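Structure first, then comments.
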Amino acid sequence: NERKAELEEALAKSANLRKSLEAYKKIVWLEEKIANESYQLDERFVTAVMTKIRNSKKPLRRFIMKIKKPSTKLVTGVGSLAVVVLCLSIFYTFDFKGVLKNVKVPISKTKTKSKKQQNKLSLLNKKALANRSRTKLEKHSQAKDKFQAGMQQQIAPQIVYKATSSPSGRSNPKNQVGLNAEFELEYSAGKYDLTRGPFNPSDSPIEIVPNSENTVLPYPEANRLVPSFLSKERYYQVSENGPKLTMSQPVSTFSIDVDTGSYTNARRFLKAGTLPPPESVRIEEFINYFKYDYPVSDSNPFSVYFEAGPAKGLDGKYLLRIGISTKKLHKEEQRKPWNLVFLIDVSGSMRATNKLPLLKRSLKVLVNNMQAEDSVSIVTYAGSSTVVLEPTSGKEKEKIIKAIDSLYASGATYGQKGIETAYKVAKKSFKKDGINRVILATDGDFNVGLTSREELVKFIERKRKLGITLTTLGFGDGNINEAIMEQLADKGNGNYFYIDSFQEARKVFSDDLFSTIETVAKDVKVQIEFNPVNVIQYRLVGYENRSLSKADFANDRVDGGEIGAGHTVTVLYELVLSGTEAAKRAQQEYRYIKENKSARKIVPSFKDELAYLKIRYKKPNGSKSILMSFPLKKQHVIRSRDKLSTDFKFIEAVSAFAHKLRKSKFAPNLTYAEIAKLAKNNLGKDEYGYRREFIQLVKNAAAIEEDE
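For the sequence shown, this note's numbering assigns the number 696 to the initial residue and increments by one for each residue that follows.
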């Protein structure tokens, strides 16, 4: 007590001593707290306490411990479920043949058996039926009056979306565009605040229905795919080109294009650890994703390159590579002014990092490459369409970027007048001698107000004829509708790209910017006639959805493909040359039918030609097509694989890989390891590392297939 009194006296006299004591108390308190936490987290301590509770003499403590056991929870859950089912069976009767789909009225409201029979018999009486109908109408009228009276007393609206789907749970092919949904308006006292900021999925009144056409998907993060049973991604189901006998079908006709969306879409799947859907693989887009070293002509809009040689893994067949290239447009050269209108999907599903955030970064790359005479506008669509940015000069980059930064995802995907608004804005700022283009960016179904795909395609074709083209950009996963996005870009004289990463955005809007925007030729068609003397059989690789009839080639009213400045297009044919072992297998000899080989006369003066290539195109503002022709001589055929170019062999590897992913019956007899080795040994010029990345994708596919 004396020491305590002395300490208290000293503390009263010295402020420094009091501070030191407070600091010491804090240190002691912290040490005790840390020691206490460590003790509480110690496993032995927890075990000891739990054992003590279990062995406690108090029955309440023992009961609490028992109900926390997993076995007890399971029994309790099963028992609860049984009670619920029992209660439902008491109040409701079920039609088990309909698998619980048809719930009848409660038993408490049904009549006796004799009364039920009377009701059934009365259904046969027309007067009774009329009386029932009249009674129902009166009830509906009363309910309608009550509903209208109640609506006047409500304050704030609440929108509830009631999704309906086809009985099969699949998409309706006749209505790929419109979201097959009914909209019901219910009013509540402001339970949901629809005017606030970024959309919160937990607050959404939209019901998630798996395996439904109108499924509202969660927001997947980048590089994580939506499960296949929730995915609404749609692709064209196209049959592959088969081999043709040259004697009976010597001519092959199609339109060329430079879309690359199929390759980047497949890359998304492979990086996420799964194989892409076979129907999503378009072989020509895999091949044309990469750049090849083709000569460029200064005098002609196109230059053509031929190379043919023995194919690997195709049983004696040859591959013919046709390379078509256009002149590059350098940044310092005078180019046409741009009038670009971005039509952007800002619905709630675009919140994922690989959707709207990636799109905003992509647009900034493009804006930084614009010039003062260019114009850019932004139109968004979700619950409605909005003009976020009126036509603005390319020199006002800060204003444009500020408008891009203001975009956020919220609401349901329903565009109403979205596309009409975008084209009206493009017409408002139309540049007579420039590039006028609408660029659609979305993560899924193109639902922007027009009711059917046919109506939408006709609308875009009309605008194309007025000089406004369309490019489509796909983002994210789980909802991509490539089947319509590629078709719209084709009908709109534009391109379809799938942006799976910022690297791809930089490639499209920076590295390949001028070839992406600047069109040098439109309605480009290709027709090649093979010489039956030298070519027994041929097969066009890819371009299935761009096939044309022989008569369409010279018909200027038939739309073709578009090609930009500096673009290269590669066309690949599998050939069976005469005099080879493969030719003996391809030529069929009949026992009972003798073919009249003299029915078609072969011109002997062209015996040194393998084929004859014709290209028809229009100038960007022209209406009449121009014809160019190129003969392919036998001397272009290289008999030794050692003398083939590195680009030829790399294309061979890409084609083989795409065939395997497509599960094609025409796939070369090569393993993934052999394809990767073939590509690695023939990398060639790989400035941006895209070819090295391709090898990694082949290895990914091999590993995925082994796991499956």
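For glycine and all other residues, C-beta sits at the position ideal for the given N, C-alpha and C. Here the structure is a predicted model, which means the values were calculated and not measured.
Simplified DSSP state of P1005, which is helix, strand or coil: Here residue 1005 refers to the residue found at position 310 of the sequence shown. DSSP places P1005 in strand when its eight states are reduced to three.
Residues of its chain near Y1383, where Cβ-Cβ distance is below 8 Å and the 5 sequence neighbours each way are ignored: Working through the sequence shown from its first residue, we reach residue 1383 at position 688. Same-chain partners within the cutoff: K1202 and D1206.
Counterpart residues of E1224 in DSSP-defined beta bridges: In the sequence shown, counting from the first residue as 1, residue 1224 sits at position 529. Its beta-bridge partners are V946 and Y1307.
Cβ neighbour criterion (16 or more within 10 Å) applied to D1172: The residue labelled residue 1172 in the question sits at position 477 within the sequence shown. Buried, by the Cβ-count rule.
Proximity to V691 [Cα-Cα], best of A707, V946 and R713: This structure cannot settle anything about residue 691, because the visible part of the chain is limited to 696 through 1403.
Cβ-Cβ separation, K986 to T1263 (assumed contact under 8 Å), whole Å: To locate residue 1263, count along the sequence shown from 1; it is residue 568. To locate residue 986, count along the sequence shown from 1; it is residue 291. The beta carbons of T1263 and K986 sit about 6 Å from each other, so the pair counts as a contact at 8 Å.
Residue environment, P990, which counts as buried when at least 16 other CB atoms sit within 10 Å: As a working mapping, residue 990 is identified with position 295 in the sequence shown. Classified as exposed, P990 has fewer than 16 neighbouring CB atoms from the shown chains inside 10 Å of its CB.
N906 versus L1373: straight-line alpha-carbon distance, rounded: Counted from its first residue, the sequence shown places residue 906 at position 211. Counted from its first residue, the sequence shown places residue 1373 at position 678. Below a pLDDT of 50, predicted positions are generally treated as unreliable, and N906, at 36, falls in that range; the measurement from the model is reported next regardless. Approximately 41 Å between the Cα atoms of the pair.
C-beta atoms of I1390 and A1362 nearer than 8 Å: As a first step, residue 1390 must be located in the sequence shown, where it is residue number 695. As a first step, residue 1362 must be located in the sequence shown, where it is residue number 667. No, the pair does not count as a contact, with Cβ atoms beyond the cut-off.
Beta-carbon proximity list for N696, same chain, < 6 Å, skipping 5 on both sides: Residue mapping note: residue 696 aligns to position 1 of the sequence shown, counting from 1. Once the five neighbours on either side are set aside, N696 has no close Cβ partner at all.
Sequence-distant residues of the same chain with beta carbon closer than 8 Å to K939, five excluded per side: Walking along the sequence shown from the start, residue 939 turns up at place 244. So the qualifying residues of the chain are S947, Q1232, Y1233 and R1234.
Whether E1213 touches R1030 by CB criterion (8 Å): Along the sequence shown, one-based indexing puts residue 1213 at 518. Along the sequence shown, one-based indexing puts residue 1030 at 335. For E1213 and R1030, yes; Cβs fall inside 8 Å.
Simplified DSSP assignment, three categories, for G1169: Locating residue 1169 in the sequence shown gives position 474, counting from the first residue. Three-state result, G1169: strand.
Start-to-end residues for the alpha helix (DSSP H) that takes in L1339: The count along the sequence shown starts at 1 and reaches residue 1339 at position 644. Following the DSSP letters along the chain, one finds L1339 in no alpha helix (DSSP H), marked with neither H nor E.
Simplified DSSP assignment, three categories, for R1016: Indexing the sequence shown from 1 puts residue 1016 at position 321. Per DSSP, reduced to three states, the secondary structure at R1016 is strand.
Counted within 10 angstroms of its Cβ, other Cβ atoms place Y1312 as buried (16 or more) or exposed: Residue mapping note: residue 1312 aligns to position 617 of the sequence shown, counting from 1. By the C-beta density criterion, Y1312 is buried, having at least 16 other C-beta atoms within 10 angstroms.
Per-residue burial, A1200 [other beta carbons within 10 Å of its own, 16 or more giving buried]: For the purposes of this step, residue 1200 is taken as the residue at position 505 of the sequence shown. Buried, by the Cβ-count rule.
Member of N1250, A1067, K1012 and E1369 whose CA lies at the smallest distance from the CA of L1322: Residue numbering aside, residue 1322 sits at position 627 when the sequence shown is read from its first letter. Scanning N1250, A1067, K1012 and E1369 for the CA closest to the CA of L1322 turns up N1250.
Backbone CA spacing between K1059 and K1119 [nearest angstrom]: As a first step, residue 1059 must be located in the sequence shown, where it is residue number 364. As a first step, residue 1119 must be located in the sequence shown, where it is residue number 424. Approximately 23 Å between the Cα atoms of the pair.
Cβ distance (whole Å) where I1073 is taken to contact I1039 below 8 Å: Residue mapping note: residue 1073 aligns to position 378 of the sequence shown, counting from 1. Residue mapping note: residue 1039 aligns to position 344 of the sequence shown, counting from 1. That pair is a contact at about 7 Å.
For A1368 and T1275, the rounded distance between their alpha carbons: The residue labelled residue 1275 in the question sits at position 580 within the sequence shown. The residue labelled residue 1368 in the question sits at position 673 within the sequence shown. Straight-line spacing of the CA atoms in T1275 and A1368 works out to 28 Å.
Status (buried if at least 16 other CB within 10 Å, exposed otherwise) for N1316: On the sequence shown, position 621 is the one that residue 1316 refers to. By the Cβ-count criterion, N1316 is exposed, with fewer than 16 other Cβ atoms from all chains shown falling within 10 Å of its own Cβ.
Where the alpha helix (DSSP H) through I1163 begins and ends: The residue labelled residue 1163 in the question sits at position 468 within the sequence shown. Premise fails: I1163 is in no alpha helix (DSSP H) and is neither H nor E.
Alpha carbon of F964 to alpha carbon of R1016, nearest angstrom: Reading the sequence shown from its first residue, position 269 is the one you call residue 964. Reading the sequence shown from its first residue, position 321 is the one you call residue 1016. Straight-line Cα distance between these residues: approximately 28 Å.
N-terminal and C-terminal residue of the alpha helix (DSSP H) that N1376 is part of: Locating residue 1376 in the sequence shown gives position 681, where the first residue counts as 1. Where N1376 is concerned, there is no enclosing alpha helix (DSSP H), because DSSP gives it neither an H nor an E.
Endpoints, the beta strand (DSSP E) within which M1323 is located: If you number the sequence shown from 1, residue 1323 lands on position 628. Looking at the DSSP string, the run of the beta strand (DSSP E) that includes M1323 is I1321 to K1328.
7 Å Cβ shell around L1051 - same chain, five flanking residues per side excluded: Here residue 1051 corresponds to residue number 356 of the sequence shown, with the count starting at 1. Cβ neighbours of L1051 beyond the five flanking positions: V1041, M1045, L1102 and A1104.
Where the beta strand (DSSP E) containing D1040 begins and where it ends: Position 345 of the sequence shown holds residue 1040. W1033 to D1040 is the span of the beta strand (DSSP E), which, as asked, contains D1040.
Every unbroken alpha helix (DSSP H) inside the stretch 1067–1136 [4 residues or more]: For the stretch 1067–1136, whole alpha helix (DSSP H) runs of length 4 or above, ordered along the chain, are 1092–1100 and 1113–1123.
Nearest-angstrom Cα separation, counted from F981 out to T955: Walking along the sequence shown from the start, residue 955 turns up at place 260. Walking along the sequence shown from the start, residue 981 turns up at place 286. So the two alpha carbons sit approximately 7 Å from each other.
Per-residue burial, K1319 [other beta carbons within 10 Å of its own, 16 or more giving buried]: In the sequence shown, residue 1319 corresponds to position 624, counting from 1. The residue in question, K1319, is exposed, as its Cβ has fewer than 16 Cβ neighbours within 10 Å.
C-alpha distance - S1088 paired with F1037, whole-angstrom precision: Translated into the one-based positions of the sequence shown, residue 1088 becomes position 393. Translated into the one-based positions of the sequence shown, residue 1037 becomes position 342. As the crow flies, the alpha-carbon of S1088 is around 14 Å from that of F1037.
Buried versus exposed call for N983 [16 or more other C-beta atoms within 10 Å across all chains shown]: Here residue 983 refers to the residue found at position 288 of the sequence shown. N983 should be labelled buried.
Rounded C-alpha distance that separates I1099 from S715: Looking up residue 1099 in the sequence shown gives position 404. Looking up residue 715 in the sequence shown gives position 20. If I take the Cα positions, the gap works out to 58 Å.
Check whether N1190 and G1139 have beta carbons under 8 Å apart: Here residue 1190 refers to the residue found at position 495 when the sequence shown is read from its first residue. Here residue 1139 refers to the residue found at position 444 when the sequence shown is read from its first residue. No; because the gap between Cβ atoms is not below 8 Å, this pair is not in contact.
Where Q1182 sits in the DSSP three-state scheme: Numbered from its first residue, the sequence shown carries residue 1182 at position 487. In the structure shown, Q1182 sits in a helix (DSSP, three-state: H, G or I).
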